[in-house]
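>
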Amino acid sequence: MRPRLYVDLSKIRANAQRVLEFLSKHGIELVAVTKVTLGDPNIARVLREAGVRIIGESRIQNVERLISSGVTGPFMMLRIPQLSEIDSIVGLCDYILVSELDVVKKIEELCREKKHRTKLIYMVDVGDLREGVWYENAVEEVVQAAKMCDWAELCGVGTNLGCYGGVLASEENMRMLLNIRDNVERLTKKSFPIVSGGNTSALKLVEEERLPQGVNQFRVGEAIYLGTDVTNNREISWLERDAFILEAEVIELKTKPSVPVGETGFDAFGRKPNFFDKGWRRRAILALGEQDTVPGQLKPLDEKVEVIHASSDHTIVDISDVDRSIRVGDTMKFRLTYAALLRAMTCPHVEKIYV
Ligand SMILES: Cc1ncc(COP(=O)(O)O)c(C=O)c1O
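In the UniProt record's numbering, the protein residues as written are 1 to 355.
Structure (structure tokens):
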């Protein structure tokens, strides 16, 4: 068998409904992000059933996959666009996150040419150091962008947090974004109604009733699929946490020392694993590897199983403390982190089973 990823659509639907209700109570629109699913149409359909209006994607190929499977927009392009792909993005996406004036110029030209309207959200970096104009220079640049737009419609500002610097959403950085929007409105005498302030990591701020009034859009993926918030290192108690379960088959069972024998260099991936001498241990090898997922980030359902290490196609687990007997041909199941899920969903060798 291939590694199997069980996708529980009813749990994803329930999570999307809960996030949607929670945010709408606070006046925040949900953009549900499908990028970790490779734009999976079955998943996008349950998001729509849950009442999600906008689907966020980072790859135009995923948007194409959704459309060709009958999922209709509106779509939001989350990754700031490549100039080389703008043509198709403008054609297929209703909202585009942008952070470059050259890109705005090109989008405006395309919109004018096609007599097409596309909404743009200008990204501001409030400290995390990934995309966006640095907050101190933002007003000037967003005003310039607004002046370039006629067919394209600059309808707001946004920010992304937690993805590079691990910066948490706070009252301060959300206020910075709101102030930038207010100053741009004052200088251009136009209205910019969308303030797209958060992703999963900002949900906590809403839970604690600390989100400043005016932030009115969140783009959420991780919470809906995993019920976790990696940036704040927490599980979200009001969401389901096992919508995805990965299963792999045992291909070898041996008892071996816990420290290698012989002079050691680096492993197959150029890493140097840490070895602790625990004596001889009962180990299983699973038909699963770095190609299929991020094995080091798997969480065994049986807590007595310990993932030790993996190479491309083999994952080694320590089963010495497991009570039940395990045989070659048996399988083991795991919960996944965001990174592990991303790789599993995008790997063609992992079979997706919708339950
Ligand atoms: C720009 C942007 N917004 C929102 C998201 C969703 O983030 P999360 O999955 O943490 O909710 C992502 C990442 O997927 C992103 O790149």
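Note that CB positions come from ideal geometry on N, CA and C, so glycine has one too.
1. What are the start and end residues of the alpha helix (DSSP H) that includes Thr346?
2. From Arg241, Arg219, Asn232, pick the residue whose C-alpha is nearest to that of Tyr225; which is it?
3. Using the Cβ count rule (16 or more neighbours within 10 Å means buried), how would you classify Val71?
4. Measure from the alpha carbon of Val133 to the alpha carbon of each residue in Glu100, Leu187, His116, then state which is nearest.
5. Straight-line CA distance for Ile251 to Tyr354?
6. Is any non-hydrogen atom of ligand 1 found closer than 7 Å to the C-beta of Glu222, if you look at the structure I gave you?
7. Apart from the five residues on each side of it in sequence, which residues of its chain come closer than 6 Å, Cβ to Cβ, to Thr37?
8. Restricting to Cα atoms, I'd like to know which of Lys115, His26, Leu205, Asp292 is closest to Met174.
9. Quick check on Gly91: does DSSP put it in helix, strand or coil?
10. Check whether the region 312–331 and the region 279–299 are in contact - that is, three or more C-beta pairs closer than 8 Å.
11. Just confirm the distance between the C-beta atoms of Val220 and Ala32, as a whole number of angstroms; I'd bet it's less than 8 Å.
12. Can you find a heavy atom of ligand 1 that lies under 7 Å from the Cβ of Arg210?
13. Compute the distance between the beta-carbons of Ala169 and Ser201, then report whether it is under 8 Å.
14. Could you check the C-alpha separation between Ser58 and Gln82 for me, to the nearest Å?
15. Would the beta-carbon of residue 404 be found less than 7 Å away from any heavy atom of ligand 1?
16. From Gln213, Glu303, Ile121, pick the residue whose C-alpha is nearest to that of Glu141; which is it?
17. I need the straight-line Cα distance from Asp277 to Val261, nearest angstrom please.
18. Could you have a look at Pro257 and say whether DSSP puts it in helix, strand or coil?
19. Hey, how far is the Cα of Ala152 from the Cα of Ser88?
20. Starting from Met77, follow the beta strand (DSSP E) in both directions and report where the run begins and ends.
21. Tell whether a beta-carbon distance below 8 Å holds between His116 and Val143.
22. Going by DSSP, what residue range makes up the beta strand (DSSP E) through Gln82?
23. Ala287 by DSSP, collapsed to three states: which one?
24. Exposed or buried, Gly270, counting other C-beta atoms within 10 Å across all chains shown (16 or more means buried)?
25. Can you tell which of Ile80, Val46, Lys190, Cys93 has its C-alpha closest to the C-alpha of Ile67?
26. With burial defined as no fewer than 16 other Cβ atoms inside 10 Å of the residue's Cβ, what is the status of Ala268: buried or exposed?
27. Should Asn199 go down as buried or exposed, given a rule of 16 or more other Cβ atoms within 10 Å for buried?
28. How about Gly214: is its Cβ closer than 7 Å to a heavy atom in ligand 1?
29. Less than 7 Å separating the Cβ of Arg219 from some heavy atom of ligand 1?
30. Taking only heavy atoms of ligand 1 into account, decide whether any of them is closer than 7 Å to the Cβ of Thr34.
Reading off the structure:
1. Your numbering for residue 346 matches position 346 in the sequence shown. Its alpha helix (DSSP H) spans residues 338–346.
2. Start at 1 with the first residue of the sequence shown, and residue 225 comes out as number 225. Among Arg241, Arg219, Asn232, the Cα nearest to that of Tyr225 is on Arg241.
3. Position 71 of the sequence shown, counting from 1, holds the residue named residue 71. It is buried - the Cβ of Val71 has at least 16 other Cβ atoms within 10 Å.
4. What you label residue 133 is simply residue 133 of the sequence shown in a count that begins at 1. The shortest Cα separation from Val133 among Glu100, Leu187, His116 belongs to Glu100.
5. By 1-based counting over the sequence shown, the position of residue 251 is 251. By 1-based counting over the sequence shown, the position of residue 354 is 354. Each residue's Cα considered, the two are about 25 Å apart.
6. Along the sequence shown, read from residue 1 onward, the residue named residue 222 stands at position 222. Glu222: yes, Cβ under 7 Å from ligand 1.
7. Within the sequence shown, residue 37 is the residue found at index 37, counting from 1. Counting only Cβ-Cβ distances below 6 Å, and skipping sequence neighbours, we find Ile43, Met345.
8. Walking along the sequence shown from the start, residue 174 turns up at place 174. Closest option to Met174, Cα to Cα, is Leu205.
9. Mapped onto the sequence shown, residue 91 falls at position 91. Of the three classes helix, strand and coil, the one that applies to Gly91 here is helix, per DSSP.
10. By the C-beta criterion, the region 312–331 is judged to be in contact with the region 279–299, since at least 3 inter-stretch pairs fall below 8 Å.
11. In the sequence shown, counting from the first residue as 1, residue 220 sits at position 220. In the sequence shown, counting from the first residue as 1, residue 32 sits at position 32. Their Cβ separation, rounded to whole angstroms, is 6 Å, which keeps Val220 and Ala32 in contact under 8 Å.
12. Along the sequence shown, read from residue 1 onward, the residue named residue 210 stands at position 210. Not under cutoff, so the answer is no.
13. Within the sequence shown, numbered from 1, the residue matching residue 169 stands at position 169. Within the sequence shown, numbered from 1, the residue matching residue 201 stands at position 201. Yes, they are a contact pair.
14. Walking along the sequence shown from the start, residue 58 turns up at place 58. Walking along the sequence shown from the start, residue 82 turns up at place 82. Ser58 and Gln82 have their C-alpha atoms spaced approximately 11 Å apart.
15. No statement about residue 404 is possible, as the shown extent of the chain runs from 1 to 355 and does not include it.
16. Taking the first residue of the sequence shown as 1, we reach residue 141 at position 141. For the residues Gln213, Glu303, Ile121, the minimum Cα distance to Glu141 belongs to Ile121.
17. The count along the sequence shown starts at 1 and reaches residue 277 at position 277. The count along the sequence shown starts at 1 and reaches residue 261 at position 261. Each residue's Cα considered, the two are about 12 Å apart.
18. As a first step, residue 257 is located in the sequence shown; it is residue number 257 there, counting from the start. Looking at Pro257 - three-state DSSP - the assignment turns out to be strand.
19. Residue numbering aside, residue 152 sits at position 152 when the sequence shown is read from its first letter. Residue numbering aside, residue 88 sits at position 88 when the sequence shown is read from its first letter. Each residue's Cα considered, the two are about 15 Å apart.
20. Looking up residue 77 in the sequence shown gives position 77. Where Met77 is concerned, the enclosing beta strand (DSSP E) stretches over 75–77.
21. Along the sequence shown, one-based indexing puts residue 116 at 116. Along the sequence shown, one-based indexing puts residue 143 at 143. Cβ distance not < 8 Å, so His116 and Val143 don't count as in contact.
22. Walking along the sequence shown from the start, residue 82 turns up at place 82. Here Gln82 belongs to no beta strand (DSSP E), and DSSP marks it neither H nor E.
23. Along the sequence shown, read from residue 1 onward, the residue named residue 287 stands at position 287. Three-state result, Ala287: strand.
24. In the sequence shown, the residue the question calls residue 270 occupies position 270. By the 10 Å Cβ count, Gly270 comes out exposed.
25. Taking the first residue of the sequence shown as 1, we reach residue 67 at position 67. The shortest CA-to-CA distance from Ile67 to any of Ile80, Val46, Lys190, Cys93 is the one to Cys93.
26. The sequence position of residue 268 within the sequence shown is 268, counting from 1. Its Cβ having fewer than 16 others within 10 Å, Ala268 is exposed.
27. What you label residue 199 is simply residue 199 of the sequence shown in a count that begins at 1. Buried, since its Cβ has 16 or more Cβ neighbours within 10 Å.
28. Here residue 214 is taken as the residue at index 214 of the sequence shown, counted from 1. Gly214 Cβ: outside cutoff for every heavy atom of ligand 1.
29. Here residue 219 refers to the residue found at position 219 when the sequence shown is read from its first residue. Correct: Arg219 has its Cβ closer than 7 Å to ligand 1.
30. One-based indexing of the sequence shown puts residue 34 at position 34. No, Cβ of Thr34 sits at least 7 Å from all heavy atoms of ligand 1.
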